[in-house]
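Notes follow the structure.
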Amino acid sequence: MVRGRSPGCAFWNLCLWNPLLHTYNYDRGRVTINGDQVVYEPDGSWTVVISGRDPRHPNWVDTQGHSSGRIWLRWFLPESTPAPLECRVVPVADVERFAADAEVGRTPGRSGLTGEPGVS
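Numbering (our numbering) for the sequence shown: 4 to 123.
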């Protein structure tokens, strides 16, 4: 699981890549998620679950059976430096409780750009 909070930005996304920096087969399942697709927590944070099995979480990204690879997360034109992320390994059975309080939509205050280009 990857938990974070994105600063205001033009676009952000998380992608799964193989060791050669190619995306997994996006025509066979979700291997990427972005700021418009993610389901946010009430406090504006988000949790993305990376798993080869469906954990019944709205922000599931499928490893498609790969046991290794790369996680690529980027922000375009962020208003500030993104805060460090929290990454942890949990049993798939423990993921469901994170879906209950999530809400669909953009985080308040995420429209408009005021910062310099930065972290990507």
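Just so it is clear, CB atoms sit at the ideal spot from N, CA and C, and this is done for glycine as well.
Cβ neighbour criterion (16 or more within 10 Å) applied to residue i
i: residue 75; result: exposed
i: residue 84; result: exposed
i: residue 88; result: exposed
i: residue 82; result: buried
i: residue 22; result: exposed
i: residue 29; result: exposed
Spatial distance of residue i from residue j (CA atoms)
i: residue 32; j: residue 5; result: 19 Å
i: residue 55; j: residue 17; result: 16 Å
i: residue 13; j: residue 36; result: 15 Å
i: residue 62; j: residue 50; result: 7 Å
i: residue 24; j: residue 77; result: 14 Å
i: residue 10; j: residue 91; result: 21 Å
For residue i, the three-state DSSP class (helix, strand or coil)
i: residue 82; result: coil
i: residue 77; result: strand
i: residue 99; result: helix
i: residue 27; result: coil
i: residue 89; result: strand
i: residue 41; result: coil
i: residue 129; result: There is simply no residue 129 to check, as the chain begins at 4 and stops at 123 in what is shown.
Span of the beta strand (DSSP E) around residue i
i: residue 23; result: Neither: residue 23 is in no beta strand (DSSP E) and is coded neither H nor E.
i: residue 54; result: 49-54
i: residue 2; result: The displayed coordinates of the chain run from 4 to 123. Any statement about residue 2 would go beyond what the structure contains.
i: residue 64; result: 63-65
Interface flag, residue i vs chain B, CB-CB below 8 Å
i: residue 26; result: Among the chains of the structure shown, chain B does not appear; only one protein chain is present.
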